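Colleague: Numbering (numbering that gives the first Met the number 0), first residue to last: 0 to 85.
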Amino acid sequence: MRREEKKLETDRISKNNLLRGTAFYKGKVVAEEEKTGFTNKGQLVALLVKRLPKDIPTGAIVQFVIENMDKGGKWMYEHQKGKGFY
């Protein structure tokens, strides 16, 4: 039970936590951001989407890696252009 409680603790994000977000397309870094002030992971993903190059084709899969630099949590998401973002 303790391990589960600890895991849930690291999944929480505070606006004071330093987060690093990286977007990958075909294994190459196409956007990156590291700062505080986000209250959820979706806000950081939305910021990275705005910074993606315009030449990524519709239907392409982009990987987003979010790291909590203060607590050590790491999450990976995949979104398809045209469905997950435009």
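Glycine is no exception: its CB is placed at the ideal position from the N, C-alpha and C atoms.
A quick note: this is a predicted structure, and the numbers were derived from the prediction, not measured.
1) Within its chain, find whatever has a CB closer than 6 Å to the CB of Tyr-76; leave out the 5 residues flanking it on each side and keep chain order.
2) Can you check whether the C-beta of Gly-41 is within less than 8 Å of a C-beta belonging to chain C?
3) Are the beta-carbon atoms of Val-61 and Phe-23 separated by less than 8 Å?
4) Just curious, the alpha helix (DSSP H) that Leu-47 is in, first and last residue?
5) Count the other C-beta atoms from every protein chain shown that fall within 10 angstroms of the C-beta of Gly-20, then say buried if there are 16 or more, exposed otherwise.
6) Lys-82 to Gly-58, Cα distance in whole Å?
7) My output table needs one value for Ala-22: the three-state DSSP class, helix, strand or coil.
Modeller: In short, the structure shows the following:
1) Indexing the sequence shown from 1 puts residue 76 at position 77. The answer, listed in chain order, is Phe-63.
2) Looking for chain C here will not work: only one protein chain is present.
3) Counted from its first residue, the sequence shown places residue 61 at position 62. Counted from its first residue, the sequence shown places residue 23 at position 24. Taking 8 Å as the Cβ cut-off, Val-61 and Phe-23 qualify as a contacting pair.
4) As a position in the sequence shown, residue 47 is number 48, starting the count at 1. It spans 40–49 - the alpha helix (DSSP H) in which Leu-47 sits, taken as one unbroken run.
5) Start at 1 with the first residue of the sequence shown, and residue 20 comes out as number 21. Counting Cβ neighbours within 10 Å, Gly-20 comes out buried, since at least 16 surround it.
6) For the purposes of this step, residue 82 is taken as the residue at position 83 of the sequence shown. For the purposes of this step, residue 58 is taken as the residue at position 59 of the sequence shown. So the two alpha carbons sit approximately 8 Å from each other.
7) Position 23 of the sequence shown, counting from 1, holds the residue named residue 22. Strand.
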